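If you read the sequence shown in the working numbering, its first letter stands for residue 338, the second for the next number, and so on. A quick write-up on the structure given underneath.
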Amino acid sequence: MSLHFHTLTVTEVVEETADSRSFVFDIPEPLRSAYAYQPGQFLTFEVPFADFAIRRCYSLSSAPESDALHKVTVKRVPDGRMSNLVIDTLQKGSEISVGTPDGRFLLVPDAGRRPLCLYAGGSGITPVISLMKSALVTTERPILLVYANRDEASVIFRDELAALDRKSTRLNSSHATLSR
């Protein structure tokens with residue numbers, strides 16, 4: 338599959354934590370088939386910088402079976418050109434060049450009722466929540482999520498994870514915070 342870039346408009350910005358934001362895109366009708374994705378995939382952002390373009394991949398934290406819009410979550414990286422630029426400048430109505438979905442971190446098809454064990458730390462939750470939301474809708478698999486963060490304030494998707502935990506009897510989540 339070849340990566341193609343299109344200009345997309347940010348329809349919403351969600352402050353997940355002090356150093357992470359989710360950017361929501363409503364894909365225009367003519368591009369919907371090009372931006373069809375599987376849980377666990379990512380989108381590549383491209384922005385001009387000096388005499389060249391910077392490209393960075395960010396995981397989709399939405400799931401096509403449960404979320405109407407595409408959502409990508411970005412965590413600020415110290416001295417990170419792209420993460421700082423995106424977090425500091427993108428707002429509702431902003432346009433950015435975005436590549437079509439890519440990546441192979443996907444659910445195994447036809448896994449039956451085998452348990453799904455998901456492990457994430459910090460911003461590594463972004464593809465994991467996509468996989469988890471999809472599995473909750475499309476399978477009968479019991480799901481275990483183990484999610485570690487440096488402290489309570491660093492938990493990305495805190496409310497969304499809590500709501501999923503309350504809603505599903507098949508989801509068992511364990512959260513650990515690592516105090517310094």
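Ideal Cβ positions, reconstructed from N, Cα and C, are used throughout, including at glycine. In this text, all values refer to a predicted model and were calculated from it rather than measured experimentally.
Where Glu383 and Phe342 are concerned, what is the direct C-alpha to C-alpha distance, given to the nearest angstrom? 8 Å
DSSP on Arg358, reduced to helix/strand/coil? strand
Suppose the cutoff is 8 Å on Cβ atoms and the five residues either side in sequence are ignored; what does the same chain contact list for Leu515 look like? Ala485, Asn486, Arg487 and Asp488
Along the chain, where does the alpha helix (DSSP H) containing Leu508 start, and where does it finish? Run containing Leu508: none in the alpha helix (DSSP H); it sits in the beta strand (DSSP E), Leu508 to Thr514.
7 Å CB neighbourhood of Tyr374 in its chain, flanking five on each side removed: Leu397, Pro401 and Pro438
How far does the beta strand (DSSP E) with Ser434 in it reach, from first residue to last? Glu432 to Gly436
In terms of residue numbering, what span does the alpha helix (DSSP H) encompassing Ile424 cover? Arg418 to Thr426
Select from Ile493, His512 and Val465 the residue whose C-alpha is nearest the C-alpha of Gly377. Val465
Mark Lys429 as exposed unless 16 or more other C-beta atoms lie within 10 angstroms of its C-beta, in which case mark it buried. exposed
Where Phe386 falls, given that 16 or more other Cβ within 10 Å makes a residue buried: exposed
Close-in-space but distant-in-sequence residues of the same chain around Thr463 (CB under 6 Å, 5 per side omitted): Ser396, Ser398 and Thr410
If you draw a straight line from the C-alpha of Arg413 to the C-alpha of Glu352, how long is it? 12 Å
Cutting at 6 Å between CB atoms, please list the residues of its own chain near Met419, excluding the five before and the five after it. Ile391 and Arg393
Three-state secondary structure (DSSP) at Arg478? coil
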